[in-house]
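Peer 1:
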Amino acid sequence: MDPEQQAQELSLRQLQALLEAQARLRKAAEDRAREVQQELEHLAEAVCPEEVDRLRSQSPDGLAALTPRQVAQMVLKALAPRLRAGRQEQEPATRTAELKARLRQLEARLKSAEARAARAEAEAERLRQRLQMTEALLSPHPLVPRPPVRAAADLLAAAGYEVVFPSGPLSASGNTAFRPDLILRLEGKELPVEVEDLSRPPAEREARWEACHAIGEGHLLFVAPDARTLDRLRSEVFFWSGDRPLKLWMTDLERGRGQKGEAVWLVRRG
Numbered sequence: 125m126d127p128e129q130q131a132q133e134l135s136l137r138q139l140q141a142l143l144e145a146q147a148r149l150r151k152a153a154e155d156r157a158r159e160v161q162q163e164l165e166h167l168a169e170a171v172c173p174e175e176v177d178r179l180r181s182q183s184p185d186g187l188a189a190l191t192p193r194q195v196a197q198m199v200l201k202a203l204a205p206r207l208r209a210g211r212q213e214q215e216p217a218t219r220t221a222e223l224k225a226r227l228r229q230l231e232a233r234l235k236s237a238e239a240r241a242a243r244a245e246a247e248a249e250r251l252r253q254r255l256q257m258t259e260a261l262l263s264p265h266p267l268v269p270r271p272p273v274r275a276a277a278d279l280l281a282a283a284g285y286e287v288v289f290p291s292g293p294l295s296a297s298g299n300t301a302f303r304p305d306l307i308l309r310l311e312g313k314e315l316p317v318e319v320e321d322l323s324r325p326p327a328e329r330e331a332r333w334e335a336c337h338a339i340g341e342g343h344l345l346f347v348a349p350d351a352r353t354l355d356r357l358r359s360e361v362f363f364w365s366g367d368r369p370l371k372l373w374m375t376d377l378e379r380g381r382g383q384k385g386e387a388v389w390l391v392r393r394g
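According to my numbering, the sequence shown is numbered sequentially starting from 125.
Next comes the structure, spelled out in structure tokens:
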């Protein structure tokens, strides 16, 4: 291996390590934002339980249907009468002031956590782009799978499935031939697997889903890089599928490893 290629491979490993570290930072920031949102919701339940119950009766999402800012505004609105009453009663006024101070602290913490998550996501995207460029320089052959595809293959193989990298494009009646990321052999069938990070243009990825749906006779299999992408992907696929008959299996590389007893497939429909 010549020195230039050695340097490129070292750069690739460094970028992969940076991307993994950035993903951990983003996840930590997102977890902190969720914790603060939960605290806001608990505060709402304590201050305005009737309003919370009304929301729950209107939607199964309950408080989750509101943004953190809307939850905070609901709490402030509930506190207003207590502030007016507190002009005559010192103790209620003190308690209300404490609640308002806590609310301001929660809002500040949430804003900080969301900003950190956004910065981490932007940096992760820049690292992904650099990683793709380095991989393109190193790949001696266009069929060399990307690292997420290799990771997805390892994940599914560890779960007991026979997984192969496609040697050529697949086709189905009425669909343009395309090359899936992976092929999973199940009960005598070869099912395409998409390792989907939502980076492809929407029209391109929906065309691929259409082809996978036809080839798999309604069976779609997806592996996402992380939990956040899986949630977005699930929403997009459900919207795209409409009234199509669908057997959907989905997982992600963060959680789909049988941890805490769960199966490899985190979403199973049909």
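Every residue gets a Cβ at the ideal spot worked out from N, C-alpha and C, and that includes glycine.
Small disclaimer: the values here were computed from a predicted structure and weren't measured.
(1) Among all the DSSP beta bridges, which residues are the ones paired with T375?
(2) Any idea what DSSP makes of R368, helix, strand or coil?
(3) First and last residue of the alpha helix (DSSP H) that includes E328?
(4) Which stretch, first to last residue, makes up the alpha helix (DSSP H) that contains P272?
(5) Taking the straight line between their C-alpha atoms, what separation do you get for A141 and F363?
(6) Give me the Cα-Cα distance between E165 and V171, rounded to the nearest whole angstrom.
(7) Quick check: the stretch 145-154 against the stretch 184-191, are there 3 or more CB pairs under 8 Å?
(8) To which residues of the same chain is W373 closer than 6 Å at the C-beta, ignoring the five residues directly before and after it?
(9) Can you give me the start and stop residues for the alpha helix (DSSP H) that P173 sits inside?
(10) Thinking C-alpha only, which one of E314, S181, R233 is nearest Q162?
(11) Tell me, please, whether the CB atom of A145 is closer than 9 Å to any CB atom in chain B?
(12) Quick check: what's the CA-CA separation for A260 versus V317?
(13) Do P272 and V195 count as a contact pair if the criterion is CB distance below 9 Å?
(14) Per DSSP, which one or two residues make a beta bridge with V195?
(15) Considering only the alpha carbon of each residue, which of A225, A276, L230, D321 lies closest to T353?
(16) Verify whether the separation of the beta carbon atoms of R226 and R156 is less than 9 Å.
(17) Hey, how far is the Cα of D305 from the Cα of S236?
(18) Taking C-beta to C-beta, are V160 and L230 nearer than 9 Å?
(19) Suppose the cutoff is 6 Å on Cβ atoms and the five residues either side in sequence are ignored; what does the same chain contact list for V347 look like?
(20) Could you spell out the range, first to last residue, of the beta strand (DSSP E) harbouring E314?
(21) Bridge partners of E169, per DSSP?
(22) Provide the residue span of the beta strand (DSSP E) that contains L310, from first to last.
(23) How would you call A168, buried or exposed, if buried means at least 16 neighbouring beta carbons within 10 angstroms?
Peer 2: A quick look at the data gives this:
(1) Under DSSP, T375 forms a beta bridge with V347.
(2) coil
(3) 326-339
(4) 271-282
(5) 35 Å
(6) 10 Å
(7) no
(8) L345, W389, R392
(9) Note, P173: alpha helix (DSSP H), 173-182.
(10) R233
(11) Chain labels in this structure do not include chain B; a single protein chain is all it has.
(12) Residue placement at A260 cannot be trusted, given a pLDDT of 48 that sits under 50; what the coordinates show is reported in the next sentence. Roughly 22 Å between the two C-alpha positions.
(13) no
(14) For V195, which the question treats as bridged, DSSP gives no partner whatsoever.
(15) D321
(16) no
(17) 38 Å
(18) yes
(19) A276, V319, T375
(20) 313-319
(21) Answer by DSSP bridge pairing: none, since E169 is not bridged.
(22) 306-310
(23) buried
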